[in-house]
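Protein chains in written order, with my numbering: chain P, 36 to 314; chain S, 123 to 296.
Structure representation (structure tokens):
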């Protein structure tokens, strides 16, 4: 994973991190809900950043390898900001490192979309595009957050994500409106990933608490803009929006697919085997 | 400091102007525009730094370099603070910094052309109405093409000159 020099800061307390508290969505006090919500933002970036970094050294061409690594780097950097704030709001001395390396799958709050396996290059790009289109709208809205820290992180991240979206949209169009083979692969990727997009717009008690506090927008409110971006790009890419309405859910509440366990086994191994290890 | 007189802020800024960026050592931290504030709080020197990209691996190296440089000048009480807002923009790279970049072979940013996440920008580019004209830092030709949005570091894109055929980095706007 790139940028570990930043993530792996010396932290003598890493091994003695307080026990993991279950963050119940239902009936959570506002500060608990806030921590939970910050973990959702951070975990989306962390898990997708890790997934994208798996391409490092394996991409079809050098330029794409570099672009993917750069995207992963941005996402890991954003993870530090979101999870760092989550630890600060929680007030129990947990750092971004503690949260990233010492929680189990059931404590992760990312949407299922970002833990989907990379598949081929097309599937990786389609996942990126569907996420970027949501991420951009979310960050745009968060710049008006009542919490100054959230607004500042969003303003910083939005500049980076604008480039992510530009790139992923460009490539979805080029590969969709490309050869017969590339088009077939992009359509297959879209069909496969579509049922994982609904969760992005599904609100729960945590989201409701954030809306009431003026911290974050209701997830449902981002849907119209996302639909417009996706429709425009898919049309240009000559791809067809899938008909089905079934949508997976649960990641935001900690109910994950088995894919996340494998990611964590890889990502957390060092801190689990050698607690507090630094370099 | 052992003496009662603390170095004045301009002197500290001059020292920081000698600290090179770890990734692009031809420009200094002040050229890059990431030193947001320098002030004395009682006898503690507080340097406020803003990150370029949130995941830039150079960030921690930059902090170490600042500390090492100021310690070498005899500063004993020092605190580095991170400031996220307003987020860093390439508009803050100084005119001198831009010239140094160009001389080094990196095309400096064209202000006001940052991606904003709106598809209109992409459409303008495809239609050839984009205002983004990048001159080759070697031969000066404006007949250049983008190879990749992301270059050797997050802050750069890869370009190629179609006249002199040189590949080069463009310090993209953010």
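Heads up, the beta-carbon is just placed ideally off N, CA and C, and yes, glycines get one too.
Just so you know, these numbers come straight off a predicted model, no measurement behind them.
Which residues in the same chain have their Cβ closer than 6 angstroms to the Cβ of residue i, if we skip the five residues on either side of it in sequence?
i: residue 272/P; result: 207, 208, 211, 212
i: residue 288/S; result: 260
i: residue 309/P; result: none
i: residue 158/P; result: 224
i: residue 282/S; result: 267, 269, 289
i: residue 199/S; result: 165, 166
i: residue 156/P; result: 95
i: residue 246/P; result: 253
If the criterion is Cβ atoms closer than 9 angstroms, does the pair residue i and residue j meet it?
i: residue 194/P; j: residue 211/S; result: yes
i: residue 160/S; j: residue 134/S; result: yes
i: residue 177/P; j: residue 118/P; result: no
i: residue 225/P; j: residue 269/P; result: yes
i: residue 168/P; j: residue 204/P; result: yes
i: residue 277/S; j: residue 178/S; result: yes
i: residue 234/P; j: residue 287/P; result: yes
i: residue 192/P; j: residue 176/S; result: yes
i: residue 295/P; j: residue 143/P; result: yes
i: residue 172/S; j: residue 188/S; result: no
i: residue 140/S; j: residue 170/S; result: no
i: residue 237/S; j: residue 197/P; result: yes
i: residue 188/P; j: residue 237/P; result: no
i: residue 68/P; j: residue 172/P; result: no
i: residue 142/S; j: residue 197/S; result: no
i: residue 80/P; j: residue 113/P; result: yes
i: residue 232/P; j: residue 282/P; result: yes
Among the residues of its own chain, which have a CB less than 7 angstroms from the CB of residue i, if the five just before and after it don't count?
i: residue 218/S; result: 153
i: residue 70/P; result: 58, 121, 124, 125
i: residue 270/S; result: 279, 280
i: residue 305/P; result: 312
i: residue 166/P; result: 83, 148, 149
i: residue 89/P; result: 153
i: residue 183/S; result: 144
i: residue 185/P; result: 177, 250
i: residue 213/S; result: 233
i: residue 289/P; result: 141, 142, 143, 144
Is the shortest distance between the beta-carbon of residue i and the beta-carbons of chain P less than 9 angstroms?
i: residue 170/S; result: no
i: residue 217/S; result: no
i: residue 206/S; result: yes
i: residue 236/S; result: yes
i: residue 290/S; result: no
i: residue 269/S; result: yes
i: residue 283/S; result: no
i: residue 176/S; result: yes
i: residue 156/S; result: no
i: residue 294/S; result: yes
i: residue 251/S; result: Residue placement at residue 251/S is poorly supported in this model, since its pLDDT is 49, which falls under 50; the coordinates still yield a value, given next. By this cut-off, residue 251/S is not an interface position.
i: residue 211/S; result: yes
i: residue 196/S; result: no
i: residue 227/S; result: no
i: residue 239/S; result: yes
Taking the DSSP output, what are the residues bridged to residue i?
i: residue 276/P; result: DSSP output for residue 276/P lists no bridge partner at all.
i: residue 278/S; result: 293/S
i: residue 159/S; result: 170/S
i: residue 266/S; result: 283/S
i: residue 151/P; result: Answer is none; residue 151/P lacks a bridge partner.
i: residue 94/P; result: Per DSSP, none; premise fails for residue 94/P.
i: residue 150/S; result: 142/S
i: residue 229/S; result: 292/S
Taking 9 angstroms as the CB-CB limit, is residue i close to chain S?
i: residue 115/P; result: yes
i: residue 197/P; result: yes
i: residue 106/P; result: yes
i: residue 112/P; result: yes
i: residue 205/P; result: yes
i: residue 262/P; result: no
i: residue 99/P; result: yes
i: residue 75/P; result: no
i: residue 250/P; result: no
Within its chain, find whatever has a CB closer than 8 angstroms to the CB of residue i; leave out the 5 residues flanking it on each side and keep chain order.
i: residue 134/P; result: 74, 77, 118, 121, 122
i: residue 298/P; result: 82, 85, 86, 150
i: residue 215/S; result: 149, 153, 154, 155, 223, 230, 231, 293
i: residue 256/P; result: 176
i: residue 162/S; result: 128, 131, 168
Please find out if some non-hydrogen atom of the ligand ATP comes closer than 8 angstroms to the beta-carbon of residue i.
i: residue 187/P; result: Ligands in the displayed structure: none, and consequently the ligand ATP is not present.
Which runs of the beta strand (DSSP E) spanning at least 3 residues fall entirely within the segment 165-190 of chain P, listed in chain order? none
Give the list of continuous alpha helix (DSSP H) stretches no shorter than 4 residues that lie fully inside the segment 178-261 of chain P. 183-211, 215-228, 240-247
Tell me the start and end of each unbroken alpha helix (DSSP H) in the segment 174-207 of chain S that is at least 4 residues and wholly inside, in chain order. 180-194
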